[in-house]
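So the protein sequences, as listed, match chains U and D.
Residues 148 to 633 in this note's numbering are what the first sequence lists, from first letter to last.
Residues 21 to 127 in this note's numbering are what the second sequence lists, from first letter to last.
The next block holds one structure in the form of structure tokens; read it before the comments.
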Amino acid sequence: MARTHDVAVVGAGPAGLAAAVEAAEAGLDVALVDGAAQPGGQYWRHYDERHARPDDRDGHHGWPVFTGLRERLRAERSAGRVRYLPGRQVYLVTRDEAGAFTLRTTASLGEPEADAAGEVTARTLILCTGGYDRQLPVPGWDLPGVMTAGGVQALLKGHRVLAGRRAVVAGTGPFLLPVATGLARAGASVEAVAEANGTLGWLRDPVGAASVPGKAVEAAQYAALMARHRIPYRTRTVVTRILGQDRVEAVRISRVDRDGRPAGPVKEIAADLVALGWGFTPSLELALMLGADTRKDVDGSLVVAVDGFQRSSVEGVYVAGEATGVGGAVLATQEGRLSALALARSLGRPAVPGRMGRLRAAIGRGRRFAAAMHRTYAVPSAWTEWLEERTLVCRCEEVSYGDLRRAHDDLGAHDPRTLKMLARPGMGWCQGRVCGFATAGIAACLNRRETTAEDLRPLSTRSLAAPVTLGELAALDRSRDAQDDQ
Amino acid sequence: MTHRMTFRGAAVPAEPGQSVGAALVAAGILDWRTTRRAGRPRGLFCGIGVCFDCLITIDGVPDRRACLVPAADGMRLGDSPQDHLAEDGSARDSRDASQGGGRGEDA
Ligand SMILES: Cc1cc2nc3c(=O)[nH]c(=O)nc-3n(C[C@H](O)[C@H](O)[C@H](O)COP(=O)(O)OP(=O)(O)OC[C@H]3O[C@@H](n4cnc5c(N)ncnc54)[C@H](O)[C@@H]3O)c2cc1C
Ligand code: FES
């Protein structure tokens, strides 16, 4: 097994890249572990660099920021200050008596294998694990041709594949716009963007718009692109049903009131692709495994609680980026940098005066803006009214809304934990990553109250952060006893 | 050079750098397994390795995530391991159903 690093950074998205580079430049010995094959995370996801084309960067915002970070990462790697392990998913983090962390990793892209070579030990951690699309079930959302908005974007950016020809993009939030314009630019006909909320509320939000003025410009650019591609943008509109036999054939959209209750005429639109996104929700498995405190963010998602230096409640564990609350790539990058600088200072490295202060001020503005966006693009409170008895909530275990209601009404499952035990939502392959938020919301709604952090926690906790083979588990047992011989 | 794969016997091309799932979608194949209970078709959903909807048998190895595995020349997609044991070479419409519960996670 290799040396004990000063810090292990998990995730090479905007937050993790910035953290790793900044930590190495401050003189720390860094390990950077990332599930993806190449750096960039979700935001800077791009085609396999070995087969790059110039147009791969089309539609990428802040690309020079990325290439700058990538260059610095290269320099730090060749100087031996960063050990970079791409294509490896951390599935377990443990801590020994001396306080050192051990990360167990499994190959995330190639053949699953049992080896200890992917083991990383470090004195401290910076978790930059990002998140994934937040989903709300709707009748028909399990049909092939329905994808997450982020997944549609990932197919385009990472694989140059258009997921369909006639698309409807639906849900809420500013992210629907790049997905719609990206599809249109790639040649799809985007029949509608259905935005559940009234739009542009954040521009009127006194705190939000003033915090990050550049965002108004970005919004205007997207509005222009939407107009150029003639994409109808329908506000206060939701997809209430997706129709089709064995694949998507059409969607039904409906106008809704402020709470998301269908309130207007219903329209049917032919489509072969539906991209659904209700914002993002953080990957918390590693932070929860370590016992870090969590809280419910403005957008209703469970996030890791951090202080003004990105420190979690667990000694030596910093968290940056989407995992501390969804706020976009710029904020993630700033948080990544701050976490590294704060960590370096705590390990006795000299700090550049004023740098941390400026970063903290920028992060404060970014967080205020993010909160304004979350208030504008909230999940409608009445969303469960779109559900039918047969609508699947948990896609893996095929648990329907009716199953959940019966577990609640007949079996007395009044909290998510009991609901999970009796009806099995979130017990399948994905371990509740897809249905966790919705199940917590349904449980709260059945009890006529709002979702709490306590509802979300049991649906976010997982014993392992990635599925591993029995061979890997056996190897884990052996290596626990084995001597650390390097 | 374009990779050549097969899905249940039918040719599926892939550009180097694409995932198995991306290549299938590009070829117009939207689903490649059925669910255990209702037998419903599934393909890509999250596209980034989170949802496990896209599980597929690749060269006889079951339960690989199509959205993550890079496409490679000669890959046999969608045949269940049983097909390979039978060694009859024909691509039967065998569906690799997901085994509920993440490997090792429910234990
Ligand atoms: C599918 C998808 C597409 C998106 N596309 C866009 C977009 O086009 N534009 C936009 O503005 N925003 C997009 N977003 C939002 C985007 O996530 C954020 O704005 C930004 O990327 C957050 O940066 P981050 O560093 O916090 O996390 P991420 O960029 O998500 O990076 C996290 C990294 O950590 C890795 N990771 C997580 N857990 C582990 C583990 N256990 N072991 C090893 N590695 C791990 C992941 O593989 C990933 O590379 C997208 C989100 C998703 C989910
Ligand atoms: S599409 Fe979700 S894991 Fe592959």
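Backbone N, C-alpha and C fix where the C-beta goes; we use that ideal spot for every residue, glycine too.
Please read these numbers as outputs of a predicted model, since none were measured by experiment.
{"Asked": "In terms of DSSP beta bridges, what is Asp-21 of chain D paired with?", "Found": "It should be pointed out that residue 21 of chain D corresponds to Met in this sequence rather than to Asp. Answer is none; Met-21 of chain D lacks a bridge partner."}
{"Asked": "Does the distance between the C-beta of Gly-475 of chain U and the nearest non-hydrogen atom of ligand 1 fall short of 7 Å?", "Found": "yes"}
{"Asked": "Are there 16 or more other CB atoms within 10 angstroms of the CB of Gln-102 of chain D, so buried, or fewer, so exposed?", "Found": "Low per-residue confidence applies at Gln-102 of chain D: pLDDT is 48, beneath 50, and the placement is therefore not dependable, though the value from the model is reported in the following sentence. The residue is exposed, with fewer than 16 neighbouring Cβ atoms inside 10 Å."}
{"Asked": "Mind checking if Tyr-548 of chain U is an interface residue toward chain D, Cβ cutoff 8 Å exclusive?", "Found": "no"}
{"Asked": "Give a yes or no on whether 8 Å exceeds the smallest Cβ distance from Asp-658 of chain U to chain D.", "Found": "This structure cannot speak to residue 658 of chain U, because chain U is shown only from 148 to 633."}
{"Asked": "Following the continuous alpha helix (DSSP H) through Thr-565 of chain U, name the residue where it begins and the one where it ends.", "Found": "563-570"}
{"Asked": "Can you check which of these residues, D:Phe-27, D:Ala-46, D:Arg-53 and D:Ala-30, is closest to Asp-393 of chain U by C-alpha distance?", "Found": "D:Arg-53"}
{"Asked": "Between the segment 178-200 of chain U and chain D, which residues of the former have CB atoms less than 8 Å from a CB of the latter, in chain order?", "Found": "Gly-182, Ala-184, Gln-189, Tyr-194, Asp-195, Arg-197 and His-198"}
{"Asked": "In the DSSP assignment, what residue or residues form a beta bridge with Ile-273 of chain U?", "Found": "U:Val-156 and U:Tyr-465"}
{"Asked": "In the segment 399-436 of chain U, which residue ranges form an unbroken alpha helix (DSSP H) of at least 4 residues, counting only runs that do not cross its ends?", "Found": "432-436"}
{"Asked": "By DSSP, does Tyr-194 of chain U sit in helix, in strand, or in coil?", "Found": "coil"}
{"Asked": "Quick check on the burial criterion: 16 or more other C-beta atoms within 10 angstroms. Buried or exposed for His-561 of chain U?", "Found": "exposed"}
{"Asked": "Can you find the residues in the same chain that come closer than 6 Å, C-beta to C-beta, to Arg-420 of chain U, ignoring five residues on each side of it along the sequence?", "Found": "In the sequence under discussion, the amino acid at residue 420 of chain U is Leu, which differs from the Arg named in the question. Hits under 6 Å: Gly-292, Ala-310, Gly-311 and Ala-314."}
{"Asked": "Mind checking Glu-172 of chain U: buried by the 16 CB within 10 Å criterion, or exposed?", "Found": "buried"}
{"Asked": "Put Cys-87 of chain D into one of helix, strand or coil per three-state DSSP.", "Found": "coil"}
{"Asked": "Given this structure, state the Cα-to-Cα distance separating Leu-216 of chain U from Thr-26 of chain D, to the nearest angstrom.", "Found": "39 Å"}
{"Asked": "Taking Pro-61 of chain D as the query, report the chain A residues whose CB atoms sit under 7 Å from its CB, ordered along the chain.", "Found": "Among the protein chains of the structure shown, namely U and D, there is no chain A."}
{"Asked": "Write down the C-beta distance between Asp-73 of chain D and Arg-383 of chain U rounded to the nearest angstrom, noting that I regard them as a contact closer than 8 Å.", "Found": "About 30 Å; that fails the 8 Å criterion."}
{"Asked": "Using a C-beta to C-beta distance shorter than 7 Å, which residues of chain D count as neighbours of Arg-564 of chain U?", "Found": "Neighbours of Arg-564 of chain U on chain D: none; closest Cβ ~16 Å, over 7 Å."}
{"Asked": "Restricting to Cα atoms, I'd like to know which of U:Asn-344, U:Glu-482, U:Leu-256 and U:Glu-244 is closest to Thr-471 of chain U.", "Found": "U:Glu-482"}
{"Asked": "Taking buried to mean at least 16 other C-beta atoms within 10 Å of its own C-beta, is Ala-621 of chain U buried or exposed?", "Found": "exposed"}
{"Asked": "Can you tell me where the alpha helix (DSSP H) holding Asp-602 of chain U begins and where it ends?", "Found": "600-603"}
{"Asked": "Check this for me: beta carbons of Ala-591 of chain U and Asp-602 of chain U, under 8 Å apart or not?", "Found": "yes"}
{"Asked": "Quick one: what does DSSP say Asp-550 of chain U is sitting in, helix, strand or coil?", "Found": "helix"}
{"Asked": "What does Ala-46 of chain D touch in chain U if you count any residue whose Cβ is under 7 Å from its own?", "Found": "Val-308"}
{"Asked": "Closer than 7 Å between the C-beta and any heavy atom of ligand 2: which residues qualify, listed along the chain?", "Found": "U:Gly-298, D:Gly-41, D:Leu-64, D:Phe-65, D:Cys-66, D:Gly-67, D:Ile-68, D:Gly-69, D:Val-70, D:Cys-71, D:Phe-72, D:Asp-73, D:Cys-74, D:Arg-85, D:Ala-86, D:Cys-87 and D:Leu-88"}
{"Asked": "Output the residue ranges of the beta strand (DSSP E) runs that lie fully inside the segment 291-338 of chain U and measure 3 residues or longer, sorted by chain position.", "Found": "293-295 and 313-319"}
{"Asked": "If Glu-469 of chain U and Gly-334 of chain U are in contact, beta carbons under 8 Å, what's the gap, nearest whole angstrom?", "Found": "Contact flag wrong, Cβ pair sits at about 30 Å."}
{"Asked": "What is the rounded straight-line gap between the Cα of Gln-185 of chain U and the Cα of Asp-280 of chain U?", "Found": "20 Å"}
{"Asked": "Under 8 Å, do Gly-318 of chain U and Gly-424 of chain U count as touching if we go by C-beta distance?", "Found": "yes"}
{"Asked": "CA-CA distance, Thr-616 of chain U and Thr-252 of chain U?", "Found": "12 Å"}
{"Asked": "Report back the beta-carbon spacing between Leu-569 of chain U and Ala-587 of chain U to the nearest angstrom; my notes put them in contact at under 8 Å.", "Found": "Not quite, the Cβ-Cβ distance comes to about 15 Å (not below 8 Å), so this is no contact."}
{"Asked": "In angstroms with no decimal places, state the Cα-to-Cα distance between Ala-366 of chain U and Phe-322 of chain U.", "Found": "11 Å"}
{"Asked": "So, is Ala-418 of chain U buried or exposed, given that buried needs 16 or more other C-beta atoms within 10 angstroms?", "Found": "buried"}
{"Asked": "Which whole-angstrom value describes the C-beta separation of Pro-161 of chain U and Gly-188 of chain U, a residue pair presumed to lie in contact below a C-beta threshold of 8 Å?", "Found": "6 Å"}
{"Asked": "Please classify Leu-558 of chain U: is it buried, with 16 or more other beta-carbons within 10 angstroms of its beta-carbon, or exposed?", "Found": "exposed"}
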